[in-house]
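Using this note's numbering, the first residue of the sequence shown is number 1, and each one after it goes up by one.
From the three backbone atoms N, C-alpha and C, an ideal C-beta is built for every residue, glycine too.
Bear in mind the structure is a predicted one, so any value in this text is a computation, not a measurement.
Reading through the structure tokens given below for one structure.
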Amino acid sequence: MRCTECGFNNEEGSKFCSNCGSTLLLQKEPDRVKGKGGRSKILIVALVAVICIVAVFSYLTFFSYEVEKANELVNKANREIQNGNNLLTTSISPKIADFREISFDLEAAELESEIQYARTSAQNAQQLMNTIPAIQGNFRKARDYFLETEDLRLPQWYHDYIDLKVKALDKDLERVSNLGELLTNYTLYYGFAETYLQGGDELQALMDELEEGLEKVEDGNFSSATTAFQSALSHLRESTAQFTAADEFISLDSLDELLDQMEQIDSALEALSDATRLLSTGDIPQALNLLGLADSELDGLGEAPTALLKDQISSWYDQNIEGLLSDIQQLLTEIQALEQEAQELYDQYA
């Protein structure tokens, strides 16, 4: 060991210098160098490990944020869907369940009640149509929320889950569109029914007045007969106005045919009324001419197509109301299947 005071080389392990007696210092430079080198390597490894851990943690944190954001969007979408479905179940579905087909074969005592039902139902259907845009708005918002997840970093199953939810929503929107069309058709149908039944009621009043007029003619009371025929003519024209209004709701070939026949009856009744008036004054030749005109108008007048008309309106109801109800129910079944599939997928992986 070399003495630091005098530079004398002593034997290894000596504590004092054999030349000057100074205390010798232990010299382990190689070990110290080696120790520093080992610690440096450990520090480097530790630093790399820390960097890796931070990187993994950062990645996992970022990935978790994307899923969390997707969940927030899905929750918002589900709330909109729930709001739309609440409107459907509380406002529209119960009222539609109360709608029914109109009975067109009624006794006079039942007619007014059926007319009132048709009038109220038409008003209800019209009011319900105002709810459709709100429901569509809920479902469209929900769809937009789902589509916002497209650019998020998510596992494939989550994207598949969103796809199923969007498909269900598209069918929901189609169902609501069909409901809007259905309500429009209910409005047309009940508007037709109300006016048609009122027209039929006027026709019944016409028949009563016509029968009374004929009785007065047989009794020779031409003045009273004229009054009865004038009243019958008034009922006929009111009936024509109601049937024309019904035709504006739903145009049927048989109703057009009936309106054509009523024009002929109108001319015949007017001639008959004038003829009885002339008979009451004693102008028999002119009265006979008018009676001939009335007979000419009625000649060849076929049977009123009332049975065919009822068949046609029934067919319209089956196609435009029952058919839509069936389509809506089918869509609802498909929606429920998609929602169930989506929920099962979410429960499996979430």
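TODO: Alpha carbon to alpha carbon, how far is leucine 87 from glutamine 204? Give it in angstroms, no decimals.
DONE: Mapped onto the sequence shown, residue 204 falls at position 204. Mapped onto the sequence shown, residue 87 falls at position 87. Rounded to the nearest angstrom, the two C-alpha atoms are 43 Å apart.
Task: Top-ranked residue by Cα proximity to glutamine 261, from Thr240, Ala245 and Glu248 - done: Numbered from 1 along the sequence shown, position 261 holds the residue referred to as residue 261. Per the Cα distances, Thr240.
Open item on the list: Can you give me the C-alpha to C-alpha distance between alanine 245 and leucine 214, rounded to a whole angstrom?
Closed with: Working through the sequence shown from its first residue, we reach residue 245 at position 245. Working through the sequence shown from its first residue, we reach residue 214 at position 214. Those two C-alpha atoms are separated by around 30 Å.
Task: Segment contact, 8 Å Cβ cut-off, at least three pairs: the region 172-188 with the region 120-139 - done: yes
Task: Given aspartate 299 as reference, the closest of Gln264, Leu308 and Asp311 once Cα atoms are compared - done: On the sequence shown, residue 299 is found 299 positions in, with the first residue counted as 1. Of the listed residues, the one whose Cα sits closest to aspartate 299 is Gln264.
- [ ] Find the nearest neighbour of leucine 290 within the set Leu269, Gln116, Leu301 and Ala125, judged by alpha-carbon distance.
- [x] Indexing the sequence shown from 1 puts residue 290 at position 290. Ranking Leu269, Gln116, Leu301 and Ala125 by Cα distance to leucine 290 puts Leu269 first.
Open item on the list: For the pair the region 134-145 and the region 158-175, tell me if three or more CB-CB distances fall below 8 Å.
Closed with: yes
TODO: Taking leucine 309 as part of the alpha helix (DSSP H), name the residues at either end of that continuous run.
DONE: Stepping through the sequence shown from its first residue, residue 309 is reached at position 309. Note, leucine 309: alpha helix (DSSP H), 306-317.
- [ ] Measure the beta-carbon distance from serine 280 to phenylalanine 222 and round it to whole angstroms, keeping in mind my assumption that it falls under 8 Å.
- [x] Translated into positions along the sequence shown, residue 280 becomes position 280. Translated into positions along the sequence shown, residue 222 becomes position 222. Rounded, the Cβ-Cβ distance is 4 Å, consistent with contact.
Task: Bridge partners - asparagine 9, DSSP secondary structure assignment - done: Stepping through the sequence shown from its first residue, residue 9 is reached at position 9. Asparagine 9 is bridged to Arg2.
Open item on the list: Considering just the uninterrupted stretch of the alpha helix (DSSP H) at threonine 90, what are its terminal residues?
Closed with: Stepping through the sequence shown from its first residue, residue 90 is reached at position 90. Where threonine 90 is concerned, there is no enclosing alpha helix (DSSP H), given that its DSSP letter is neither H nor E.
TODO: Quick one: grab the DSSP three-state call for isoleucine 284.
DONE: Counted from its first residue, the sequence shown places residue 284 at position 284. Isoleucine 284 falls in the helix class under three-state DSSP.
Open item on the list: Would threonine 227 and alanine 125 qualify as a contact pair, given that the criterion is a beta-carbon distance under 8 Å?
Closed with: Residue numbering aside, residue 227 sits at position 227 when the sequence shown is read from its first letter. Residue numbering aside, residue 125 sits at position 125 when the sequence shown is read from its first letter. Against a cut-off of 8 Å, the Cβ pair of alanine 125 and threonine 227 comes out as no contact.
Task: Cβ-Cβ distance between glutamate 209 and alanine 232 below 8 Å - done: On the sequence shown, position 209 is the one that residue 209 refers to. On the sequence shown, position 232 is the one that residue 232 refers to. Yes; because the gap between Cβ atoms is below 8 Å, this pair is in contact.
- [ ] Decide if lysine 34 is buried, meaning its Cβ has at least 16 other Cβ atoms within 10 Å, or exposed.
- [x] If you number the sequence shown from 1, residue 34 lands on position 34. Any reading at lysine 34 must be qualified, since the residue scores a pLDDT of 46, below 50, and its modelled position is unreliable; the value itself is stated next. Around the beta carbon of lysine 34, fewer than 16 other beta carbons sit within 10 angstroms, so the residue counts as exposed.
TODO: Specify the secondary structure class of serine 103 as computed by DSSP and reduced to three states.
DONE: Indexing the sequence shown from 1 puts residue 103 at position 103. Correct three-state label for serine 103: coil.
- [ ] Kindly indicate which three-state DSSP category serine 251 falls into: helix, strand or coil?
- [x] Against the sequence shown, residue 251 aligns to sequence position 251. Residue state, collapsed to three classes: coil.
Task: As assigned by DSSP and simplified to three states, the class of alanine 350 - done: Residue numbering aside, residue 350 sits at position 350 when the sequence shown is read from its first letter. Coil, per DSSP.
Open item on the list: Taking the beta carbon of proline 30 as the centre, do at least 16 other beta carbons fall within 10 Å, making it buried, or is it exposed?
Closed with: In the sequence shown, counting from the first residue as 1, residue 30 sits at position 30. Low per-residue confidence applies at proline 30: pLDDT is 48, beneath 50, and the placement is therefore not dependable enough to give any value.
TODO: Please name the residue, chosen from Arg277, Asn71 and Ser251, that lies closest to leucine 154 on a Cα-to-Cα basis.
DONE: In the sequence shown, the residue the question calls residue 154 occupies position 154. When only C-alpha atoms are compared, the closest one is Asn71.
TODO: Please confirm whether isoleucine 377 and glutamate 194 have their CB atoms less than 8 Å apart.
DONE: Here the chain comprises residues numbered 1 to 350, so residue 377 is not present and cannot be evaluated.
TODO: Let me know the secondary structure DSSP gives asparagine 320 once reduced to three states.
DONE: The residue given as residue 320 occupies position 320 in the sequence shown. Reduced to three states, the DSSP call for asparagine 320 is helix.
- [ ] Pull up the distance between the alpha-carbon of leucine 255 and that of alanine 108, whole angstroms please.
- [x] What you label residue 255 is simply residue 255 of the sequence shown in a count that begins at 1. What you label residue 108 is simply residue 108 of the sequence shown in a count that begins at 1. Distance between the alpha carbons of leucine 255 and alanine 108 is about 21 Å.
TODO: Kindly indicate which three-state DSSP category aspartate 170 falls into: helix, strand or coil?
DONE: Position 170 of the sequence shown holds residue 170. Of the three classes helix, strand and coil, the one that applies to aspartate 170 here is helix, per DSSP.
- [ ] Might you give, ordered along the chain, the residues of its own chain that have their beta carbon closer than 6 Å to the beta carbon of leucine 206, omitting 5 neighbours on each side?
- [x] The residue you call residue 206 lines up with position 206 of the sequence shown. Excluding positions up to five away in sequence, the list reads Ala232, His235 and Leu236.
TODO: For the region 114-195, list the alpha helix (DSSP H) runs that are entirely contained and at least 4 residues long, ordered along the chain.
DONE: The qualifying runs are 132-147.
- [ ] Give the DSSP-derived three-state secondary structure of asparagine 221 in the structure shown.
- [x] What you label residue 221 is simply residue 221 of the sequence shown in a count that begins at 1. It is coil, neither helix nor strand.
Open item on the list: Using 8 Å as the threshold, is the C-beta distance between glutamine 286 and leucine 293 below it?
Closed with: To locate residue 286, count along the sequence shown from 1; it is residue 286. To locate residue 293, count along the sequence shown from 1; it is residue 293. Contact: no.
TODO: Flag asparagine 75 as yes when its Cβ comes closer than 7 Å to any non-hydrogen atom of the ligand SAH, and as no otherwise.
DONE: The ligand SAH is not part of this structure, which contains no ligands at all.
Task: Nearest to leucine 258 (by Cα), restricted to the options Ser267, Tyr349, Phe243 and Glu248 - done: Residue numbering aside, residue 258 sits at position 258 when the sequence shown is read from its first letter. Of the listed residues, the one whose Cα sits closest to leucine 258 is Phe243.
Open item on the list: On a Cα-Cα basis, can you pick out the residue from Phe104, Asn75 and Leu73 that is closest to alanine 307?
Closed with: Reading the sequence shown from its first residue, position 307 is the one you call residue 307. Selected option, being the one with the closest Cα: Phe104.
Task: Distance between glutamate 211 and aspartate 266 (C-alpha atoms, nearest Å) - done: Position 266 of the sequence shown, counted from the start, is the residue given in the question as residue 266. Position 211 of the sequence shown, counted from the start, is the residue given in the question as residue 211. So the two alpha carbons sit approximately 16 Å from each other.
Open item on the list: At the level of alpha carbons, what is the spacing between glutamate 344 and isoleucine 92?
Closed with: Along the sequence shown, read from residue 1 onward, the residue named residue 344 stands at position 344. Along the sequence shown, read from residue 1 onward, the residue named residue 92 stands at position 92. Those two C-alpha atoms are separated by around 29 Å.
Task: For leucine 164 and alanine 342, believed in contact at Cβ under 8 Å, the rounded distance - done: As a position in the sequence shown, residue 342 is number 342, starting the count at 1. As a position in the sequence shown, residue 164 is number 164, starting the count at 1. Sure, about 4 Å apart at Cβ, within 8 Å.
TODO: Go through its chain and collect everything with a Cβ distance to tyrosine 145's Cβ below 6 Å, but skip five positions before and after it.
DONE: Numbered from its first residue, the sequence shown carries residue 145 at position 145. The answer, listed in chain order, is Leu73, Lys76 and Ala77.
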